[in-house]
Amino acid sequence: MKNDNKIKVAFVVGNFPRVSETFIINQIADLKDRGIEVEVFSFRKDFKGNDIISDRFQEYNMKDIINYLEMPKNYLLRILLAIPKIILILFTKPIILIDLFNFKKYGRNASSLKLIFWVTPFINKKFDLVHCHFGPVANRYLIVKEILNLKQKIVTTLYGYDVSRSFREKPSSYYDKLIKQSSNFLVMSNNMKERVVEYGFPEDRVEVLPVSIDVESYPFNKRSLENDEQINLISVGNFVEKKGFDDLLKALAIVKVKTNKKFKCYIIGDGPLKDEIYDLYSKLNLKNLVEFKGYMKLENVIKYFKDMHLFIQPSKTAKDGDME
195 MKNDNKIKVA
205 FVVGNFPRVS
215 ETFIINQIAD
225 LKDRGIEVEV
235 FSFRKDFKGN
245 DIISDRFQEY
255 NMKDIINYLE
265 MPKNYLLRIL
275 LAIPKIILIL
285 FTKPIILIDL
295 FNFKKYGRNA
305 SSLKLIFWVT
315 PFINKKFDLV
325 HCHFGPVANR
335 YLIVKEILNL
345 KQKIVTTLYG
355 YDVSRSFREK
365 PSSYYDKLIK
375 QSSNFLVMSN
385 NMKERVVEYG
395 FPEDRVEVLP
405 VSIDVESYPF
415 NKRSLENDEQ
425 INLISVGNFV
435 EKKGFDDLLK
445 ALAIVKVKTN
455 KKFKCYIIGD
465 GPLKDEIYDL
475 YSKLNLKNLV
485 EFKGYMKLEN
495 VIKYFKDMHL
505 FIQPSKTAKD
515 GDME
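In our numbering, the protein residues as written are 195 to 518.
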């Protein structure tokens, strides 16, 4: 029998599951371990396959708790799928049809039928808390909240680009509604808190809560090097400018010249700058010193760590202002 007294939390995310956002999978799993009911609302569906997604996604049957809000790109298919949703709205919340087709107020979000796909999964759903991940995602949810007149408390976690690049690229009013309507904001560091407070977020509602890891998953192995043993290095991340993989490769090229010691760097990851990273790798002649492993599920990354001597994590501010 279902326990209706359980705390119910909605996770509103941009794209789920993502190999580079294992922390969201972990948060959901940890909440479920505590008896909290979680439902996920994802604005995009770009699933890359179970072979690179954390095992916890399968173990906790997370595919069964996801509502995808993305509409089809094909306009005819979009209309066909929108029809039953409109019928549902007619029988449950007919008053919101005025807003769903309010082109003047909501622009392309309304004229493209996008709002129908965003709003329908939230109809008649009740939660104790709505947790939005990333600022732009929270802004989209505020539209849903406004149309359905939802009253649930909102918490928004800000992770990086949403309080760096977004501050530069978006108008100064971009987060005004979110600042008023989100009960609390979680950020990754004291530096990030300083930035968001300076931007206009209320200091008393901003808390520093970094993404954490279960250190027991990374058991310490005492390592020692024989004189001729290869030094194993590892770096993990998404191939975007702020992760600094170009700087890592340049540094390895310098080390190659300045030492006679044997070493190899294993790079786990992928992303939009893959071609540029591979071109630089070839240009610097790092063929025997660097090995790219591609995307990898967290559990396999942990196995790699056990054989490594050093973990390297470069980071920098991208030209567009994006930073951690």
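We put the beta carbon where it would ideally sit given N, CA and C, even for glycine.
For L271, the enclosing alpha helix (DSSP H) has its first and last residue at 269 to 286. Around K299, the same chain offers no residue with a beta carbon nearer than 6 Å, after the five sequence neighbours per side are excluded. Collapsing the DSSP output to three states places Y300 in a helix. When only Cα atoms are considered, F395 and K371 end up about 11 Å apart. Residue pairing by DSSP puts T350 in a beta bridge opposite C326, F379. Contact annotation: V207 and V234 have beta-carbon atoms nearer than 8 Å. No residue range can be given for L480, since it is assigned to no beta strand (DSSP E) and is classified by DSSP as neither H nor E. Take I425, set aside five residues on each side of it, and the residues of its chain with a beta-carbon closer than 8 Å to its own are L419, K455, K456, F457, K458, H503, L504, in chain order. Take the alpha-carbon of R362 and the one of Y393: they are about 11 Å apart. Following the DSSP letters along the chain, one finds A204 inside the beta strand (DSSP E) bounded by residues 202 to 209. In the three-state reduction of the DSSP assignment, S248 falls in the coil class, being assigned neither a helical nor a strand state. In the pairwise beta carbon analysis, the stretch 479 to 486 is classified as not touching the stretch 402 to 411: fewer than three pairs are separated by under 8 Å. Looking at the backbone, the Cα of F328 and that of Y475 are separated by about 32 Å. The C-alpha of Q252 is placed about 37 Å away from the C-alpha of K364. For F499, the enclosing alpha helix (DSSP H) starts and ends at 492 to 499.
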